[in-house]
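Working notes, structure below.
There are 2 protein chains.
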Amino acid sequence: MKINLLLYGGMTALDIVGPYEVLSRLPGAEVLFVAEKVGPVRADTGVLSLVADAALDEALAADLVVVPGGRTPPLVPGVLHEWLRGADAVSTWTASVCVGSLVLGAAGLLRGRRATSHWLTLDRLPFYGAVPVAERVVIDGKYATGAGVSAGIDMALELVGRVAGPEVAQSIQLGIEYDPRPPFSAGSPGAAPLPIVALLRRNRDMIVRLG
Amino acid sequence: MKINLLLYGGMTALDIVGPYEVLSRLPGAEVLFVAEKVGPVRADTGVLSLVADAALDEALAADLVVVPGGRTPPLVPGVLHEWLRGADAVSTWTASVCVGSLVLGAAGLLRGRRATSHWLTLDRLPFYGAVPVAERVVIDGKYATGAGVSAGIDMALELVGRVAGPEVAQSIQLGIEYDPRPPFSAGSPGAAPLPIVALLRRNRDMIVRLG
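Here's what the structure looks like:
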């Protein structure tokens, strides 16, 4: 199974490293990090770079393509959207994490599809003709979308379960000891204290620049 | 707060990217990826490289040092252990994820300390004089250790809560929408189906090379 993981400047690193850590353990998986150019790609914090091993025009067709979110997601038409449409035309699965779903939407791939996104940007999905669903992982046909940042781990395990069966997914989950125990209960707007939800809503433009 | 995140060839990427994604959002944090040499460092799968921006001998003293695990953790005495002892001598917190605790142990830093590790390697901690504790996150004095791979997210949130207060930790948790929903219940040896636990035990040497 060929898997292309997309990188772009301003991406959120965990959005793509979460799925990578799960998917790279799938027996027979050939995982490739792709970006507009080969080489280091800076994440949104400015602190970390991940290295792309293939340019978009060198990346072979893949069975699964994963698009991360970021603070400055590529929502303006361009070469990246063209590549995504081409990749999607031959993929078995097209997936996103966080505001990566807005990138898929902006590329015209989610029209009429149920999808999720970061909780702060769910309301943007209808701009692209998608139907927002406030769930951790949403699968509609070949489109798998995950909620904010850390949801990529759950999404990837769900995909592995569908592609290779539950035993493989469970082996990978145990291998990465994914037995989450958040020390606080604040991971969703329904669970977090109201003042903290309000704070993040006020600062939405600092968290994601939607242009 | 200065934070040095260690990279080494053969590390597990999520071990360090999980804490990075949390800690880099701590207001005032200065996060630096350090390795023996500046430049790309290959993770254990051979697929992903993360970029170190400072060499060990250039990295300034930090308040927090985080050591990831990997399939081939550096357990043999050498320059990395010397650096760790120096970093630990001036840190407020010294932390690890997964078999990173064995690296701390091999550097002589966990003698008499309660610590955790990947569930497959907990039994190695006594070799280094540490007391194994099968918990997700263990804090003993200034030493914070997390269990396997994905536990670094929980560990980092716990540290942020202690350093900056629960509100800051909750804001970060909501920002990365850390509301985990694993699609399977197999994240610990107590929860996973017995044949899967047995499979991973048989393949331990493939998962971690302990030399």
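For the record, the sequence lines run as chains A and B.
Just add 239 to wherever you are in the first sequence, counting from 1, and you've got this note's numbering.
Just add 239 to wherever you are in the second sequence, counting from 1, and you've got this note's numbering.
Note that beta-carbon positions come from the ideal geometry of N, C-alpha and C, so glycine has one too.
Which residues of chain A have a Cβ atom closer than 8 Å to the Cβ of residue i, listed in chain order?
i: GLU416/B; result: CYS337, HIS357, TRP358, ALA386, GLY387, VAL388, SER389, ALA390, GLY426 and SER427
i: ILE446/B; result: GLY414
i: SER263/B; result: THR284, VAL286 and LEU287
Name the chain B residues whose beta carbon is nearer than 8 Å to that of residue i?
i: VAL290/A; result: PRO279, LEU287, SER288, LEU289 and VAL290
i: GLU397/A; result: PRO422
Check for me: the beta strand (DSSP E) holding residue i runs from which residue to which?
i: ILE242/A; result: 241-245
i: TYR382/B; result: 382-385
i: PRO312/B; result: That residue, PRO312/B, is in no beta strand (DSSP E); it is neither H nor E in DSSP.
i: ASP379/A; result: 376-379
Tell me the DSSP bridge mates of residue i?
i: LEU271/B; result: ASN243/B
i: VAL492/B; result: The requested residue 492/B is not part of the displayed model; chain B covers only 240 to 450.
i: GLY278/A; result: ALA291/A
i: ARG420/B; result: Beta-bridge pairing links ARG420/B to no other residue.
i: ALA354/A; result: PRO371/A
For the alpha helix (DSSP H) holding residue i, just list the boundary residues, first then last.
i: SER340/A; result: 339-345
i: GLY391/A; result: 390-403
i: VAL447/B; result: Counting along the chain, VAL447/B falls outside any alpha helix (DSSP H), and DSSP gives it neither H nor E.
i: ARG441/A; result: 433-441
i: GLY257/A; result: 252-262
i: LEU319/A; result: 318-329
Looking at residue i: is its Cβ nearer than 8 Å to the Cβ of residue j?
i: THR333/A; j: TYR382/A; result: yes
i: GLY400/B; j: ALA408/B; result: yes
i: ALA291/B; j: VAL305/B; result: no
i: GLN412/B; j: PRO421/A; result: yes
i: TYR417/B; j: SER263/A; result: no
i: GLY387/A; j: CYS337/A; result: yes
i: THR360/A; j: VAL447/A; result: yes
i: THR251/A; j: GLY308/A; result: yes
i: ILE242/A; j: ALA293/A; result: no
i: ILE378/A; j: VAL261/A; result: no
i: VAL372/B; j: ARG353/B; result: yes
i: VAL315/B; j: VAL286/A; result: no
i: TYR247/B; j: VAL280/B; result: yes
Using only alpha-carbon positions, find the residue among the options that is nearest to residue i.
i: SER340/A; options: THR284/A, PRO313/A and LEU253/A; result: PRO313/A
i: LEU364/A; options: ALA373/A, GLY344/A, ALA395/A and VAL377/A; result: GLY344/A
i: HIS320/A; options: VAL370/A, GLY347/A, GLY368/A and VAL372/A; result: GLY347/A
i: GLY249/A; options: ALA268/A, GLY385/A, MET240/A and THR311/A; result: THR311/A
i: VAL256/B; options: ASP302/B, ALA395/B, ALA430/B and SER424/B; result: ALA395/B
i: ARG440/B; options: PRO371/B, ASP362/B and ASP327/B; result: ASP362/B
i: LEU245/B; options: VAL342/B, GLU374/B and ILE378/B; result: VAL342/B
i: PRO434/A; options: SER410/B, ILE435/B, ARG353/B and VAL372/B; result: SER410/B
i: SER335/A; options: ARG350/A, LEU303/A and PRO316/A; result: LEU303/A
i: ALA326/A; options: VAL286/A, GLU297/A, GLY285/A and VAL277/A; result: GLU297/A
i: TYR259/A; options: GLU275/B, MET240/B, PRO266/B and LEU289/B; result: LEU289/B
i: LEU265/B; options: LEU398/B, HIS357/B and GLY380/B; result: LEU398/B
i: THR404/B; options: PHE423/A, GLY404/A, PRO419/A and GLU406/A; result: Sequence inspection shows Gly at residue 404/B; the Thr mentioned does not correspond to that position. Among PHE423/A, GLY404/A, PRO419/A and GLU406/A, the Cα nearest to that of GLY404/B belongs to PHE423/A.
i: ASP254/B; options: ALA430/B, GLU406/B and ALA282/B; result: ALA282/B
Would residue i count as contacting chain C if we go by Cβ distances under 8 Å?
i: ARG353/B; result: Note that chain C does not occur in the displayed structure, where the protein chains are A and B.
Mind listing the chain A neighbours of residue i? Cutoff is C-beta to C-beta under 9 Å, in chain order.
i: LEU439/B; result: SER410, LEU413 and GLY414
i: ARG310/B; result: Simply none; closest approach about 11 Å.
i: GLU297/B; result: Chain A residues near GLU297/B: none, gap ~16 Å exceeds 9 Å.
Along chain A, which residues have their Cβ under 7 Å away from the Cβ of residue i?
i: ILE452/B; result: Outside the shown range of chain B (240 to 450) lies residue 452/B, about which nothing can therefore be said.
i: TYR247/B; result: Chain A residues near TYR247/B: none, gap ~16 Å exceeds 7 Å.
Kindly list, in the order they appear in chain B, the residues whose Cβ is closer than 7 Å to that of residue i.
i: PRO432/A; result: GLN409
i: VAL256/A; result: ALA252, LEU253 and VAL256
At a CB-CB cut-off below 9 Å, which residues of chain B make contact with residue i?
i: VAL270/A; result: THR284, VAL286 and LEU287
i: ASP393/A; result: PRO419, ARG420, PRO421 and PRO422
i: TYR382/A; result: Correct list: empty, because the minimum Cβ distance to chain B is about 17 Å.
i: GLY400/A; result: PRO422 and PHE423
Are there any heavy atoms of the ligand PLP lying less than 7 Å away from the beta-carbon of residue i, as far as the coordinates show?
i: VAL286/A; result: Among the components modelled here there is no ligand, and therefore nothing to report on the ligand PLP.
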